[in-house]
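Asks: Here you go, one structure.
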Amino acid sequence: MIDFYDLDLDDKVLDALDAMRFEKCTPIQEKTIPPILEGRDVMGIAQTGTGKTAAYLLPIINQLYVGEHCRNAINCIVMSPTRELAQQIDQAMEGFSYFVPVSSVAVYGGNDGIRYEQESRSLKLGADMIIATPGRLLAHIQLEKPDFSNVKFFVLDEADRMLDMGFYDDILSINKLLPDCCQKIMFSATMPDKIKRLAGGILKNPVEIKIAVSKPAASIKQRVCYCAESQKQAIIKDLFAKNKELSRVIIFSSSKKMVKQLTLGLLKQKVNVAEMHSDLDQAQRDDTMMKFRNNHISVLVATDIISRGIDIDDIELVVNYDAPADPEDYVHRIGRTARAGRGGESLTLISSRDRLRFQNIEKLIEKKVETYPLPEGMKVIKEPTENSGQKKKHKNGSKNVRGNNKSNEDRRKSAKNNAPKRNKQGKTNSGKQV
Ligand code: AMP
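Just so you know, we're using our numbering here: the sequence shown kicks off at 7 and counts up by one.
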């Protein structure tokens, strides 16, 4: 791995990296930064957690700073599938651009009229970088026709997810508004035909960079508990009853109803828990994420709304209440733990209705996941449609699925990440969304 100093980045950009204690490039950064600095279009296949945000933000900030970028004009548009990812990119931008006069604004909507006005003003005044969700940017385009004639960089982050959400045509129509000379960069965790088609329509002679096959980090200790659907809630209850100190946990379920139900159950058990799903409005979602980030909430029960792209570094355990339909989502879910090289654990509850899905997951990750025993005293229930699988009752009882493998280095990094950060005015922003 090379140092950031080996890249052709300006000293002011390197100063920000120093302050953030970024020393070595991750593989995606090493491969992506040079061609972007050279002005090439890039197609990057990389998952979240690989450092892809810095891989495109750093060279763009650098070029806007050292080049002749138009003041009071939109110079770069970054598209993100979700509000949460847009906010996160904006926060990363705040750190990377700390010592250079390159501004950014996140445009992601919500029902708040004041926010719309603020976004609209930033678009008119020309924030250097707009970080936007497609739907919201289109709303602004339709109502106010912002001036995109100075846009030099167009980035699609998590492009596959934007297509899954039905934004194919929207992205193409935004692309049509950009000048011909605009440099384009696309990141996707997967490369299905739709993405190839989109890349073919948008990118010119791109440099293709492939970093991650869709496999979980080796540092995640994965376990699977084979059980009946009717036993799942009791298993979760038992997990928290036996491990009272459990914290920094995310429990995923594909169903909103189940997220609500599990949250209620854990609240009754006096677990410090909150729920996260699309029925919450943006302010509630932001508040919940802030509390979770700041350790005011220990356990988050969530739908796949946060399975991708959300950067919280110190998750210790991810529980999958069910197997997601798309095996890639499993990789994204458990990828919330073991971020930036740390360790972490995952536990997936599999009933007969999840079996086929889990087989597909094991095929994708090319690994047989270790079995986690049913809690002591819980009997194996054979579900009607089940004809194979768990034969034995496990005797070990419930173990803490979190290994005690957290090193001092992990703890130091965790403390650093939870420390208040300076904003551009040099104030701390602890207590605010970071
Ligand atoms: P991303 O894949 O962009 O979401 O980044 C995942 C995490 O890795 C974030 O917390 C980044 O701040 C962190 N990160 C990215 N690049 C580096 C680096 N070169 N050195 C240290 N941490 C990094």
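C-beta: ideal position from N, C-alpha, C; glycine also.
For L272 and V265, which I take to be in contact (beta-carbon distance under 8 Å), what is that distance rounded to the nearest angstrom?
Replies: Numbered from 1 along the sequence shown, position 266 holds the residue referred to as residue 272. Numbered from 1 along the sequence shown, position 259 holds the residue referred to as residue 265. Going by Cβ atoms, the distance from L272 to V265 rounds to 11 Å, so no, they are not a contact pair.
Asks: Tell me, to the nearest whole angstrom, how far the beta carbon of V39 is from that of L13; I am working on the premise that it is less than 8 Å.
Replies: Looking up residue 39 in the sequence shown gives position 33. Looking up residue 13 in the sequence shown gives position 7. The question names Val, but residue 39 in the sequence shown is Ile. Contact holds; Cβ gap of about 5 Å.
Asks: So, are the CB atoms of E29 and D9 less than 8 Å apart?
Replies: In the sequence shown, counting from the first residue as 1, residue 29 sits at position 23. In the sequence shown, counting from the first residue as 1, residue 9 sits at position 3. Yes, Cβ-Cβ distance for E29 and D9 is below 8 Å.
Asks: According to DSSP, simplified to helix, strand and coil, what is I6?
Replies: The requested residue 6 does not occur in the structure, where the chain is confined to residues 7 to 440.
Asks: Cα separation between F193 and G383?
Replies: Translated into the one-based positions of the sequence shown, residue 193 becomes position 187. Translated into the one-based positions of the sequence shown, residue 383 becomes position 377. For F193 and G383, the distance between alpha carbons rounds to 48 Å.
Asks: Please confirm whether I256 and L184 have their CB atoms less than 8 Å apart.
Replies: Here residue 256 corresponds to residue number 250 of the sequence shown, with the count starting at 1. Here residue 184 corresponds to residue number 178 of the sequence shown, with the count starting at 1. No, the Cβ-Cβ distance between I256 and L184 is not below 8 Å.
Asks: With a 10 Å radius around its C-beta and 16 neighbouring C-beta atoms as the bar for buried, classify L169 as buried or exposed.
Replies: Locating residue 169 in the sequence shown gives position 163, counting from the first residue. Its Cβ being crowded by 16 or more others within 10 Å, L169 is buried.
Asks: In chain order, what are the residue ranges of uninterrupted alpha helix (DSSP H) at least 4 long that sit wholly in the stretch 253-306?
Replies: You should have 262-274, 288-299.
Asks: Using the beta-carbon count (16 or more within 10 Å), is C231 buried or exposed?
Replies: Numbered from 1 along the sequence shown, position 225 holds the residue referred to as residue 231. With 16 or more other Cβ atoms within 10 Å, it is buried.
Asks: Closest by CA to K263, which one among G119, D285, A223?
Replies: Reading the sequence shown from its first residue, position 257 is the one you call residue 263. When each option's Cα is compared against that of K263, the closest is D285.
Asks: Does DSSP put I34 in a helix, a strand or coil?
Replies: Taking the first residue of the sequence shown as position 1, residue 34 is located at position 28. Helix at I34.
Asks: So Q228 is in the beta strand (DSSP E); what residue range does that whole segment cover?
Replies: Here residue 228 is taken as the residue at index 222 of the sequence shown, counted from 1. Run containing Q228: 226-232, per the beta strand (DSSP E) assignment.
Asks: Which one of F160, E334, K274 has the shortest CA to CA distance from L370?
Replies: Residue numbering aside, residue 370 sits at position 364 when the sequence shown is read from its first letter. When each option's Cα is compared against that of L370, the closest is E334.
Asks: Assign T139 to one of three DSSP states: helix, strand, or coil.
Replies: Translated into positions along the sequence shown, residue 139 becomes position 133. In this structure, T139 counts as coil in the three-state DSSP scheme.
Asks: When every heavy atom of the ligand AMP is checked, does at least one fall within less than 7 Å of the C-beta of F160?
Replies: Within the sequence shown, numbered from 1, the residue matching residue 160 stands at position 154. No - the ligand AMP has no heavy atom lying nearer than 7 Å to the Cβ of F160.
Asks: Considering only the alpha carbon of each residue, which of Q365, L362, L355, V84 lies closest to L245?
Replies: The residue given as residue 245 occupies position 239 in the sequence shown. Measuring from the Cα of L245, the nearest candidate turns out to be L355.
Asks: Suppose the cutoff is 7 Å on Cβ atoms and the five residues either side in sequence are ignored; what does the same chain contact list for L63 look like?
Replies: Residue 63 sits at position 57 when you count from the first residue of the sequence shown. A98, M99, F102, listed in sequence order.
Asks: Check whether the Cβ of K58 lies closer than 7 Å to any heavy atom of the ligand AMP, and answer yes or no.
Replies: Numbered from its first residue, the sequence shown carries residue 58 at position 52. Result yes, Cβ under 7 Å from the ligand AMP.
Asks: How is the alpha helix (DSSP H) around I311 delimited, first residue to last?
Replies: For this step, residue 311 is matched to residue 305 along the sequence shown. Here I311 belongs to no alpha helix (DSSP H), and DSSP marks it neither H nor E.
Asks: Which ranges would you report for the alpha helix (DSSP H) in the stretch 44-124 if only whole runs of at least 4 residues count?
Replies: Entirely contained in the stretch 44-124, the alpha helix (DSSP H) runs reaching 4 residues are, in chain order, 58-72, 89-102.
Asks: Which residue's Cα is closest to the Cα of R339: A92, D17, P222?
Replies: Your numbering for residue 339 matches position 333 in the sequence shown. Among A92, D17, P222, the Cα nearest to that of R339 belongs to P222.
Asks: Reducing DSSP to helix, strand and coil, say where L183 ends up.
Replies: On the sequence shown, position 177 is the one that residue 183 refers to. Note: L183 maps to coil in three-state DSSP.
Asks: Just reading off the alpha helix (DSSP H) that I242 is part of, what are its end residues?
Replies: In the sequence shown, the residue the question calls residue 242 occupies position 236. Taken as a continuous stretch (DSSP letters only), the alpha helix (DSSP H) holding I242 covers 238-248.
Asks: Just to check, is the beta-carbon of K30 closer than 7 Å to a non-hydrogen atom of the ligand AMP?
Replies: Residue mapping note: residue 30 aligns to position 24 of the sequence shown, counting from 1. K30: yes, Cβ under 7 Å from the ligand AMP.
Asks: Which of helix, strand or coil does DSSP assign to V19?
Replies: Position 13 of the sequence shown holds residue 19. Helix.
Asks: Hey, is D166 close to the ligand AMP, as in C-beta under 7 Å from one of its heavy atoms?
Replies: Within the sequence shown, numbered from 1, the residue matching residue 166 stands at position 160. Because no heavy atom of the ligand AMP lies under 7 Å away, the Cβ of D166 does not count as near it: no.
Asks: Along the alpha helix (DSSP H) that carries E368, what are the first and last residues, could you check?
Replies: Locating residue 368 in the sequence shown gives position 362, counting from the first residue. 361-371 is the span of the alpha helix (DSSP H), which, as asked, contains E368.
Asks: Is R89 near the ligand AMP, going by C-beta to nearest heavy atom under 7 Å?
Replies: As a first step, residue 89 must be located in the sequence shown, where it is residue number 83. No, Cβ of R89 sits at least 7 Å from all heavy atoms of the ligand AMP.
Asks: Please state the DSSP three-state secondary structure of S352.
Replies: The count along the sequence shown starts at 1 and reaches residue 352 at position 346. S352 falls in the strand class under three-state DSSP.
Asks: Can you give me the C-alpha to C-alpha distance between H283 and S313, rounded to a whole angstrom?
Replies: Mapped onto the sequence shown, residue 283 falls at position 277. Mapped onto the sequence shown, residue 313 falls at position 307. Going by the C-alpha atoms only, they are around 11 Å apart.
Asks: Candidates K210, R229, N211, L70: which alpha carbon is nearest E376's?
Replies: One-based indexing of the sequence shown puts residue 376 at position 370. Selected option, being the one with the closest Cα: R229.
Asks: Taking just the CA atoms, how far does I241 sit from L252?
Replies: Translated into the one-based positions of the sequence shown, residue 252 becomes position 246. Translated into the one-based positions of the sequence shown, residue 241 becomes position 235. When rounded, the distance between both Cα atoms is 14 Å.
Asks: To the nearest angstrom, report how far apart V84 and N181 are at their CA atoms.
Replies: Here residue 84 refers to the residue found at position 78 when the sequence shown is read from its first residue. Here residue 181 refers to the residue found at position 175 when the sequence shown is read from its first residue. Computed Cα separation, rounded: 12 Å.
Asks: With S357 and E389 assumed to form a contact (beta carbons below 8 Å), what rounded beta-carbon distance in angstroms separates them?
Replies: Along the sequence shown, one-based indexing puts residue 357 at 351. Along the sequence shown, one-based indexing puts residue 389 at 383. Right, the Cβ-Cβ distance comes to about 6 Å (below 8 Å), so this counts as a contact.
Asks: Are N81 and F154 close, meaning C-beta to C-beta below 8 Å?
Replies: If you number the sequence shown from 1, residue 81 lands on position 75. If you number the sequence shown from 1, residue 154 lands on position 148. Result no, Cβ atoms of N81 and F154 do not sit closer than 8 Å.
Asks: Does the Cβ of L23 have 16 or more other Cβ atoms within 10 Å, making it buried, or fewer, making it exposed?
Replies: Within the sequence shown, numbered from 1, the residue matching residue 23 stands at position 17. Under this definition L23 is a buried residue.
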